[in-house]
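Participant:
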Amino acid sequence: DAKTTQPNSMESNEEEPVHLPCNHSTISGTDYIHWYRQLPSQGPEYVIHGLTSNVNNRMASLAIAEDRKSSTLILHRATLRDAAVYYCILMGHNDMRFGAGTRLTVKP
Amino acid sequence: EAGVAQSPRYKIIEKRQSVAFWCNPISGHATLYWYQQILGQGPKLLIQFQNNGVVDDSQLPKDRFSAERLKGVDSTLKIQPAKLEDSAVYLCASSLEFADSYNEQFFGPGTRLTVL
Numbered sequence: 049d050a051k052t053t054q055p056n057s058m059e060s061n062e063e064e065p066v067h068l069p070c071n072h073s074t075i076s077g078t079d080y081i082h083w084y085r086q087l088p089s090q091g092p093e094y095v096i097h098g099l100t101s102n103v104n105n106r107m108a109s110l111a112i113a114e115d116r117k118s119s120t121l122i123l124h125r126a127t128l129r130d131a132a133v134y135y136c137i138l139m140g141h142n143d144m145r146f147g148a149g150t151r152l153t154v155k156p
Numbered sequence: 080e081a082g083v084a085q086s087p088r089y090k091i092i093e094k095r096q097s098v099a100f101w102c103n104p105i106s107g108h109a110t111l112y113w114y115q116q117i118l119g120q121g122p123k124l125l126i127q128f129q130n131n132g133v134v135d136d137s138q139l140p141k142d143r144f145s146a147e148r149l150k151g152v153d154s155t156l157k158i159q160p161a162k163l164e165d166s167a168v169y170l171c172a173s174s175l176e177f178a179d180s181y182n183e184q185f186f187g188p189g190t191r192l193t194v195l
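Printed below as a string of structure tokens:
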């Protein structure tokens, strides 16, 4: 019953930008958009979150559509260590439901 | 800063046996979560504690799964009796507090359970 839709997999070349899309057409006004990633054999780790405005941090940027029905996680220069499953999650009232995520492969 | 600790890292049991997992959250984190992650799927929340009280256990199969968080610090998750479909990675996570808006969760490495 995940509320987000993401492509199953994506590929990128090392040192190139990567844009990971997420659709969340049923988002409510109070839902925050969170991104986590899971490296092989590890637990998920927080990447970034936002509500309405675009956000930047040391790991990535988050671009949120004006109607908030979609968002894009941007990795500015992909490295081999960025190969992981990326989850887009809507957070409301501390309810965090993971979908299947996007498996990102980074080619050297 | 020490992260979320979990043990054991791996466990193999036969169906109908019992098993318990342990989690020690980051010091000072009030909220603790247990997730089940079946191969190829995203994590599924089983139970959420705020200090030592249960906030959400709607997806916990209560006929066989139980969890406790005594003294509001570490926690144990138990399965009794185990079924084949319980084979999964069990993840523990913690966060500073219960928040509507911003709630970065810190995950442990997980316990991989195989039920034969």
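For the protein sequence lines, the chains are Z and C, in the order given. Residue 146 in my numbering sits at position 98 of the first sequence, with consecutive numbering throughout. Residue 160 in my numbering sits at position 81 of the second sequence, with consecutive numbering throughout. The beta-carbon is built from N, C-alpha and C at its ideal position, and this holds for glycine as well. The structure displayed is predicted, hence computed values, not measured ones.
1. Among Ala84/C, Lys162/C, Ala172/C, which one has its Cα closest to the Cα of Ile126/C?
2. Between which residues of its own chain and Lys94/C is the CB-CB distance below 8 Å, once the five residues before and five after are set aside?
3. For a quick check, are the C-beta atoms of His67/Z and Ile81/Z less than 8 Å apart?
4. What do you reckon, are the CB atoms on Ala167/C and Gln96/C nearer than 8 Å?
5. What number of angstroms, rounded off, separates the C-alpha of Thr78/Z from the C-alpha of Ile91/C?
6. For Glu183/C, go through chain Z and note every residue whose CB falls closer than 7 Å to its CB, in chain order.
7. Out of Leu99/Z, Asp115/Z, Thr120/Z, Arg116/Z, state which residue places its alpha-carbon closest to the alpha-carbon of Ser109/Z.
8. Compute the distance between the beta-carbons of Gln120/C and Ala148/Z, then report whether it is under 8 Å.
9. Which same chain residues, not among the five before or five after Leu123/Z, have their C-beta less than 7 Å away from its C-beta?
10. Applying the criterion that 16 or more other CB atoms from any shown protein chain within 10 Å of the CB defines a buried residue, is Leu111/C buried or exposed?
11. Under a three-way DSSP split, which group does Gly98/Z fall into?
12. With burial defined as no fewer than 16 other Cβ atoms inside 10 Å of the residue's Cβ, what is the status of Asp115/Z: buried or exposed?
13. Short of 9 Å Cβ to Cβ, which residues in the region 125 to 156 of chain Z face chain D?
Facilitator: Looking at the coordinates:
1. For the residues Ala84/C, Lys162/C, Ala172/C, the minimum Cα distance to Ile126/C belongs to Ala172/C.
2. So the qualifying residues of the chain are Pro160, Ala161, Lys162, Leu163, Val194, Leu195.
3. Not in contact: His67/Z and Ile81/Z (Cβ atoms no closer than 8 Å).
4. Result no, Cβ atoms of Ala167/C and Gln96/C do not sit closer than 8 Å.
5. Cα to Cα, Thr78/Z sits roughly 42 Å from Ile91/C.
6. The contact set of Glu183/C on chain Z, defined by CB atoms closer than 7 Å, consists of Tyr94 in chain order.
7. Measuring from the Cα of Ser109/Z, the nearest candidate turns out to be Thr120/Z.
8. Contact: yes.
9. Around Leu123/Z: Pro65, Val66, Ala108, Asp130.
10. Leu111/C is buried by the Cβ-count criterion.
11. In the structure shown, Gly98/Z sits in a strand (DSSP, three-state: E or B).
12. Asp115/Z counts as exposed, since fewer than 16 other beta carbons sit within 10 angstroms of its beta carbon.
13. Protein chains Z and C are contained in the structure displayed, whereas chain D is not.
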